[in-house]
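Numbering-wise (this note's numbering), the sequence shown opens with residue 4 and increments by one. Before any comments, here is the structure.
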Amino acid sequence: MIREPEDLLDGTSSKVVSMSVCVSWPIGQIRRFVNIFNFLPGSKRRSGHRALCALVLAVLLSTVIQTDRVIAQPAEASISVTIPGSLVDSHPYGLVSDPNSSLGYCAIAGDVTPFGEAVPDYANFVVAELDLHTLEVIRTFEVGYYPTEMQLLGQGLYVTCSNDSNLYRIDLPSGVVDSFPMTDSTGNSVGFLSGLNVDSSGNVVVGSNGGNFDGSDENILVFDPVGEAITQRIEVAGSITRFMVRNGELVVPLGYPDNDFTAAPRVVWIDLVSGSVVGSLNFDVDTADFPGPSDIEDLGDGSAVVSVYGGSSEVFHIDLDQKSLIQTLPMGGGDLTQAALQSLGGGVFLVSDLLAGWIRKVDSLTGEISDFGSGLSLPVDMVLKSGRLFVSEQGIESVSVYSIPGSFIRGDSNMDRTIDVSDPVTLLEYLFVGGDLSCQDAGDVNDDGLLDIADAVNVLEYLFSDGVAPGFPFPVGGADLEPDSLDCAHSS
């Protein structure tokens with residue numbers, strides 16, 4: 004049942020009457036809407052009666068009743084990931100999101116342990132489960148020290164830790180954590196575990212960024228989650244962070260190739276069946292600062308982008324089929340430090356810089372680069388979920404939340420990133436006098452796939468009568484969770 008707009012005065016009518024002696028009513032605005040109403044055809048006038056009442060009420064309430072405006076932050080919210088009772092810092096690292104739910108996961112790594120010091124005095128050992136819609140921590144799980152990378156597979160979450168030679172699996176329904184030792188063919192531990200992926204057979208592929216410091220070049224391991232055993236070990240001399248699995252091949256950005264610390268990083272293509280290198284692409288960067296690979300991101304069009312730390316201020320755009328360089332995209336400024344990548348679709352991607360504290364949006368088709376965020380505290384990873392960008396900032400114990408281009412805030416009909424009385428006014432003008440509404444989804448406050456008087460009433464009740472808040476996405480922008488005939492052409 005939808006309350007009549009006039010009913011919204013219940014509980015406040017005495018306040019309006021008592022204040023009327025000292026307030027100059029906005030008669031001009033009221034007459035404007037009355038004139039609009041009178042010009043409506045008979046059928047629309049009857050259906051527009053409630054709209055007129057709502058408009059008049061909105062003007063009166065915005066003038067008479069002093070309320071706090073509900074400000075919807077366009078690019079900022081945060082999820083605190085501080086671990087209660089932890090004796091070390093709770094600095095976040097890797098992020099993943101579950102494509103089948105609102106959940107995501109954040110690796111809480113803590114601090115890097117100085118050489119010769121005790122790892123438990125610095126590193127953390129927790130993975131936090133987050134609700135990426137309500138922005139809350141749901142559960143935490145204990146794994147190895149300094150967890151960094153994660154991979155969802157079925158009902159399990161696999162985790163690698165820099166200070167541990169075990170692959171961890173969290174059974175998400177039960178919360179039970181198991182560990183599996185990662186060893187080379189001689190039985191020795193493979194250290195410095197890093198990137199994770201899944202092949203077409205459902206095996207977990209594990210990388211190591213330790214080169215041969217652990218005594219072996221078997222830096223890629225294939226783990227069968229059903230048999231709980233390593234089924235393949237691939238020799239790759241060098242340091243591996245993140246990599247792709249595509250068309251039966253591994254696409255691996257490789258640091259210190261052939262264990263040569265003076266060599267520039269490259270990308271190698273490895274056949275997953277034979278373990279043989281079937282392609283290689285060198286990057287032309289300054290090797291004075293021992294550069295290495297940071298991230299690789301599939302753009303979904305047969306190409307990918309690769310970032311490196313040290314030696315270059317460029318992002319490398321590569322052709323995955325031709326195994327060649329398409330272009331270099333200069334970010335400007337000094338050399339990139341650790342740089343995460345995140346595709347937005349259509350050849351557009353985001354790149355962050357750890358020490359510079361910025362995020363930039365890059366169009367690989369036009370070469371256009373624009374600022375997306377600045378002043379971040381050591382941004383180390385990014386993930387998309389439901390029209391939002393989540394960024395783990397190592398300098399603080401939280402995950403920051405940004406609205407991505409094309410997102411909207413439910414109830415923000417005029418798209419000014421603020422929910423106030425102007426929003427139902429904008430919606431009602433659109434419904435009854437042909438006003439502009441650049442994002443229909445934003446006006447669909449009750450998310451029923453329709454735009455009608457009920458949406459305007461819902462906002463007014465929320466603002467002035469303790470009504471229900473708009474549904475997702477609110478108060479941080481995002482995407483519509485349910486497909487409908489409404490769209491949002493506006494880009495934030």
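Glycine included, C-beta positions come from ideal geometry on N, C-alpha and C.
1. Report the residue ranges of all alpha helix (DSSP H) runs contained in full by the stretch 406-460; include only those spanning at least 4 residues, in chain order.
2. Tell me the DSSP secondary structure of L387 in three-state form.
3. Does V471 pass the burial test, meaning 16 or more other C-beta atoms within 10 Å, or should it be called exposed?
4. I362 and L353: beta carbons closer than 8 Å?
5. Between the stretch 476-483 and the stretch 384-397, are three or more C-beta pairs nearer than 8 Å?
6. Return the chain-ordered list of same chain residues with a C-beta closer than 8 Å to the C-beta of S105, the five sequence neighbours on each side being excluded.
7. Are the CB atoms of P95 and Q397 within a distance shorter than 8 Å?
8. Measure the alpha-carbon distance for S204 versus M247 and round it to whole angstroms.
9. Rounded C-beta distance between T151 and S165? I'm assuming under 8 Å.
10. Can you name the start and end residues of the beta strand (DSSP E) that P95 belongs to?
11. How long is the line joining the alpha carbons of E231 and T189, rounded to whole angstroms?
12. Below 8 Å, can you find three or more Cβ-Cβ pairs linking the stretch 173-193 to the stretch 113-129?
13. Which residues bound the beta strand (DSSP E) around A307?
14. Using three-state DSSP, classify F286 as helix, strand or coil.
15. Taking just the CA atoms, how far does Q443 sit from L344?
16. Check whether the Cβ atoms of A110 and V162 sit closer than 8 Å, and answer yes or no.
17. Does Q325 pass the burial test, meaning 16 or more other C-beta atoms within 10 Å, or should it be called exposed?
18. S488: buried (16+ other C-beta within 10 angstroms of its C-beta) or exposed?
19. Over the uninterrupted beta strand (DSSP E) stretch that includes M247, give me the two end residues.
20. Excluding the 5 residues flanking W272 on each side, which residues of the same chain have their C-beta closer than 8 Å to its C-beta?
In brief:
1. Listed in chain order, the complete alpha helix (DSSP H) runs (minimum 4 residues) inside the stretch 406-460 are 425-436, 443-446.
2. Note: L387 maps to strand in three-state DSSP.
3. Exposed, since its Cβ has fewer than 16 Cβ neighbours within 10 Å.
4. yes
5. yes
6. D134, L135, H136, T137, K388, S389
7. yes
8. 15 Å
9. 6 Å
10. 95-100
11. The alpha-carbon atoms of E231 and T189 are separated by roughly 18 Å.
12. no
13. 306-312
14. coil
15. 31 Å
16. yes
17. exposed
18. A residue is called buried when at least 16 other Cβ atoms come within 10 angstroms of its Cβ; S488 does not meet this threshold and is exposed.
19. For M247, the uninterrupted beta strand (DSSP E) segment begins and ends at 247-249.
20. E252, L253, V254, V255, V280, V281, G282, S283, K326
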